[in-house]
Structure formats: structure tokens, C-alpha cells
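Q: In this note's numbering, the protein residues as written are 17 to 137. By construction, the Cβ of each residue, glycine as well, lies at the ideal position given by its N, Cα and C atoms. Have a look at this one.
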């Protein structure tokens, strides 16, 4: 789903759709799998419900898992689609996923967003 892109990001392609909710989300099963593969430190039993940090256009945002979201789809608030110039959703778009250490930094500067545990960095 995501492949190596740079020192700070993985690159993936997801269908991006608007959502009435104020939070971005993706398929819960895929969220947990990506979280486990790319954010877990491998030091035993770990949580897989921490938010993923993605970038669409120039905006970074936390992404949670949601059972109502179809596979290979990212749902975001309508305003975010406009800011990222996503036209005619659902639209297949390049989405950047911050690597664990970069994600922890980005989440720590966001107000009210939980950070990843120190073991995942």
C-alpha cells in the first residue's frame, strides 16, 4: 500500500473522498496493518490504534481507522479536499505517510493530538 519515498515519508495512492466528520479516516483493518508494519517498534505487544500521520497537498493530519471506510480509501473533511486541489472525488491521489519518527514530531506539535509512544520512535 505504501512504499519508501524519502527519509521522512512513505508514498501511497488512495482514493480520496469527502467526509462530513471533522476527522480523517481510512479502513480500520488497513490502518491497523500499516500501523503495525510501519509504526510499531517490534518490541512485543503494541497498540495499533495510534493515528497515522498523512500529508495530502500541503496539509499534515492524523488518520484514524474506521470500519465504515472502504479499503484503499482515505476520507477527509470537505475543506481539506479543496485545500489539496482534489477535483471530482472520489479521486485516486498520491498520499504521503510520515515515518514513525517524523510522525511523532508532527503529532507532538499538533494541539490535542496524542503522540506515539517513545518505543515507536
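Is there contact between the segment 86-95 and the segment 19-36, where contact requires at least three CB pairs shorter than 8 Å?
A: Yes: the two stretches touch, three or more of their Cβ pairs being nearer than 8 Å.
Q: How would you label residue 84, buried or exposed, when you count the other beta carbons within 10 angstroms and need 16 or more for buried?
A: Start at 1 with the first residue of the chain shown, and residue 84 comes out as number 68. Exposed, since its Cβ has fewer than 16 Cβ neighbours within 10 Å.
Q: With DSSP as the reference, please indicate the residues paired to residue 107 in a beta bridge.
A: Within the chain shown, residue 107 is the residue found at index 91, counting from 1. Looking at the DSSP assignment, residue 107 forms a beta bridge with 32.
Q: Thinking C-alpha only, which one of 22, 24, 23, 119 is nearest residue 79?
A: On the chain shown, residue 79 is found 63 positions in, with the first residue counted as 1. When only C-alpha atoms are compared, the closest one is 119.
Q: Please classify residue 84: does DSSP put it in a helix, a strand, or coil?
A: The residue given as residue 84 occupies position 68 in the chain shown. Coil at residue 84, not helix or strand.
Q: For residue 94, collect the residues of the same chain with a Cβ closer than 6 Å to its Cβ; drop the 5 residues on either side in sequence, then sort them by chain order.
A: Position 78 of the chain shown, counting from 1, holds the residue named residue 94. Hits under 6 Å: 34.
Q: Who are the near neighbours of residue 39 in its chain, counting only those whose CB is closer than 7 Å to its CB and skipping five residues on each side?
A: Within the chain shown, the letter at position 23 stands for residue 39. Hits under 7 Å: 80.
Q: Assuming residue 45 is part of the alpha helix (DSSP H), what are its boundary residues?
A: Taking the first residue of the chain shown as position 1, residue 45 is located at position 29. Taken as a continuous stretch (DSSP letters only), the alpha helix (DSSP H) holding residue 45 covers 44-50.
Q: Following the continuous alpha helix (DSSP H) through residue 96, name the residue where it begins and the one where it ends.
A: Here residue 96 refers to the residue found at position 80 when the chain shown is read from its first residue. 94-99 is the extent of the alpha helix (DSSP H) around residue 96.
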